[in-house]
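S.K.: First the structure, which I've put down as structure tokens, then a few questions once you've had a look.
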Amino acid sequence: MTTSSLDWDSLSYKLQPWILEGISSLGYDSMTPVQASTIPLFCKHKDVVVEAVTGSGKTMAYIIPVLEKIAQYYAQDIPLLRGDVLAMVLLPTRELASQVQRNFDQLLKFQPDDSDITTQLLVGAVGSVREDVYSFLQNRPQILIGTVGRMLEFLGSSNVKPKSLQVLVLDEADRLLDLGFSHDVLTIIEKLPRQRRTGLFSATISSAGSDIFKTGMANPVRIVVKNNNSDGSKNAVPDSLGISYISLTTDKKIKTLLELLSKYHYKKAIVYLPTCVGVQYFHLLLQALINNLDLPISSEDLKMFSIHGKLETAARLKALNGFADSFASKSVLLTTDVAARGLDIPEVDLVIQLDPPTDPDMFLHRSGRTGRANKVGKAIVMLNEGRELDYIDFMKVRNVQISELKFSGDLELDTISQAMHNWLLDDRARYDLAVRAMVAFVKSYSKHTASSIFRLQGLDYIQLCKMYGLFRVPKMPETKFITKEKYEEEKVDEEGWIIKVDMDSYKYSHPDKEEKRLEELRTHKKLKESKLRAAKRREQKAKNASWSNQTKQKEVKQERRSITEQRQLAKERERIANYNSEDEENEVDWKDAIREQKRRKTTSTAVQGSFDDL
Ligand SMILES: Nc1ncnc2c1ncn2[C@@H]1O[C@H](COP(=O)(O)OP(=O)(O)OP(=O)(O)O)[C@@H](O)[C@H]1O
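Here's what the structure looks like:
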């Protein structure tokens, strides 16, 4: 972040002294470029659409103007009535909403005694909307910060009166305006007064296209802060962030991940996985491998946390705070894209993506969890050898440079696979999770927007099964892409067994689950036996039926034959009886024909003669 000549004093807009005091308490000696461009405009009377690289300080670029707007409102001596709201900030996730509330509160600590500006957090699954409304009426906050769904429900209460709202902010606005959210966001906006300022912020706001105008902005100013490379080309990521890729075969991904996590130099790493069930599975698996394998790091020194969208809010916040506050020499957060945008944990110095995200914008957001605010960070993406390497050029067009990382670890793939299988064999529930995770991955792979690079038929399904530790290729439509040669090459038998396991004796460690499985196995066996018996009965019946059918058919044939013979005999008799009279008729006809022929000849000669006369 270039901060020279960006002194807070140099702002054309004069900020409240207590706000300046708060800023200085945070150690922000100077403004970031996006703050310098945005704050004066947004504090005055401009709507703004702001795009700047990840970690460039966009949050303060709207928090400061929001606080200034509230100060301006109070300066007009207009009393605030019960139920009135002055500012609203909408965000896509609960974690982000509570992070932004913390950022507001960092400055609000410095407001003078006669000022009572407060915030209220409105996020789903925390308390009820009734409780939110009750607390709102009690505490009378001027600033509401929340996620879309809960905010919409909250505004449904007649006690909440947003008609005096001064400023609306959509953070991660392109996400809020995409299909999943836009309907609710626009419904919220309809409830707000037109006379207000609106600010849209994101590192990838261009992706929202003309949708930004649905928010009812009046002549917005577009502020774009991008970096330039030394050769003058544009760079969509901060200078402090280095992005690399590792080219490998799918089966080596877990091995490489373990090697990176245990050997690479970092303090806090975020590892991105494509699905919730994938996060669940790999958290358990990696933890087990770290405990069981002889790695250059112990499980005490490497603390692992995980969050995903299907986790309860309280558990999500606990894991996130645990990761942010962890003092272990290495801490790792496994997550889905739920923690890809906006999350600001300054100590994160490594981001690993096991696969590129389905949406290329998300690649910037994920990578941008490190290399923030001028701190050096490294983001690594794993790409399957072959067509997936086209992703490098694909991202280059989007001003993202990805260089190759030659990384070689010394773990043995076989040792890891063996440890994985042993761990899976200890409890069948783990195997169920592994299959679900693999199937979910394939489903997510089909959603890549860059579908010419990430093609389902291009995936190496057997290696993918190996990566997930599966004993057998699961039955799913996509495995039709596996060729016979591939089965042979990978030494997988025609039934899809990678490693032969007796599934009938493969146990769940949980007694209730195991009992249920045994019960199902018994029922299944009984059913199979009774089906076999039924099939045998049917077979016998068919045999019997076919013997009696044959006799019947013979009889029918004989009957038919005798009928035909009788008919032929009758015809013969009739023919013999008619023989003489038939011949007579023919003779008459023949004589008539000769007579007719003679008559024609005479006629035609006569006609010809008359012609000659002409
Ligand atoms: N003026 C400043 N001087 C120094 N550090 C700053 C300044 N403003 C913000 N920061 C720090 O920069 C980091 C990134 O800021 P912020 O989270 O606002 O980035 P962002 O642009 O919103 O990123 P993203 O697009 O990823 O959400 C934060 O840790 C914040 O404390």
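For the sequence shown, position 152 matches number 152 in UniProt numbering, and the numbering has no gaps at all.
Ideal Cβ positions, reconstructed from N, Cα and C, are used throughout, including at glycine.
Source: prediction; values computed, not measured.
For I143, does the three-state DSSP call read helix, strand or coil?
M.R.: Correct three-state label for I143: strand.
S.K.: Would you identify the three-state DSSP class for G199, choosing helix, strand or coil?
M.R.: G199 falls in the strand class under three-state DSSP.
S.K.: From what residue to what residue does the alpha helix (DSSP H) around M395 run?
M.R.: Segment 391-396, the alpha helix (DSSP H) holding M395.
S.K.: Can the beta-carbon of V66 be found closer than 8 Å to that of S98?
M.R.: Not closer than 8 Å, so no.
S.K.: Please state whether the Cβ-Cβ distance between V376 and D349 is less than 8 Å.
M.R.: Yes, the pair counts as a contact, with Cβ atoms nearer than the cut-off.
S.K.: For G409 versus K191, is the C-beta spacing smaller than 8 Å?
M.R.: For G409 and K191, no; Cβs fall outside 8 Å.
S.K.: Classify S12 as helix, strand or coil using the three-state DSSP reduction.
M.R.: If DSSP states are grouped into helix, strand and coil, S12 belongs with coil.
S.K.: Determine, using beta-carbon pairs with one atom in the segment 27-46 and one in the segment 218-232, whether at least three such pairs fall under 8 Å.
M.R.: Contact holds: three or more Cβ-Cβ distances are below 8 Å.
S.K.: How about D504: is its Cβ closer than 7 Å to a heavy atom in ligand 1?
M.R.: Outside the cutoff, so no.
S.K.: Quick one: grab the DSSP three-state call for N399.
M.R.: Coil, per DSSP.
S.K.: Is any heavy atom of ligand 1 found at a distance shorter than 7 Å from the C-beta of D344?
M.R.: At least one heavy atom of ligand 1 is nearer than 7 Å to the Cβ of D344, so yes.
S.K.: Write down the C-beta distance between T147 and L91 rounded to the nearest angstrom, noting that I regard them as a contact closer than 8 Å.
M.R.: T147 to L91, Cβ: 6 Å. Contact.
S.K.: For the beta strand (DSSP E) that contains A440, what are its first and last residues?
M.R.: From DSSP, A440 is part of no beta strand (DSSP E) but of the alpha helix (DSSP H) over 428-445.
S.K.: State the beta-bridge partners of D84 as determined by DSSP.
M.R.: Paired residue(s): K161.
S.K.: Would you say V279 and L273 are within 8 Å of each other, going by their C-beta atoms?
M.R.: Yes, the pair counts as a contact, with Cβ atoms nearer than the cut-off.
S.K.: What does the alpha-carbon distance come out to for the pair I380 and W8?
M.R.: Roughly 36 Å separates the two Cα atoms.
S.K.: Name the one or two DSSP bridge partners that Y272 has.
M.R.: T335, Q353.
S.K.: Ligand 1 and K58: does any heavy atom of the ligand fall closer than 7 Å to the residue's C-beta?
M.R.: Yes, the beta carbon of K58 sits closer than 7 Å to at least one heavy atom of ligand 1.
S.K.: Look at the Cβ atom of L107, then the Cβ atom of G242, and state whether they are nearer than 8 Å.
M.R.: No.
S.K.: Based on DSSP bridge pairs, tell me the residues matched to L122.
M.R.: DSSP lists G146 as partners of L122.
S.K.: Any chance the CB of Q35 is under 7 Å from a heavy atom of ligand 1?
M.R.: Within the cutoff, so yes.
S.K.: Would you tell me roughly how many angstroms separate the C-alpha atoms of E559 and N549, rounded to the nearest one?
M.R.: Those two C-alpha atoms are separated by around 15 Å.
S.K.: Can you grab the Cα-Cα spacing for the pair M467 / L170, in whole Å?
M.R.: Answer to the nearest angstrom: the Cα atoms are 40 Å apart.
S.K.: Confirm the yes/no value for this check: CB of A440, any heavy atom of ligand 1, distance under 7 Å.
M.R.: Checking the Cβ of A440 against ligand 1 gives no.
S.K.: Measuring only the C-alpha atoms, how far is T3 from G27?
M.R.: Note on T3: pLDDT 40, under 50, position unreliable in the model; the coordinate value appears next. Distance between the alpha carbons of T3 and G27: 13 Å.
S.K.: Considering Cα atoms alone, identify which of K46, F104, T54, Q76 is closest to I63.
M.R.: Minimum Cα distance to I63 is reached at F104.
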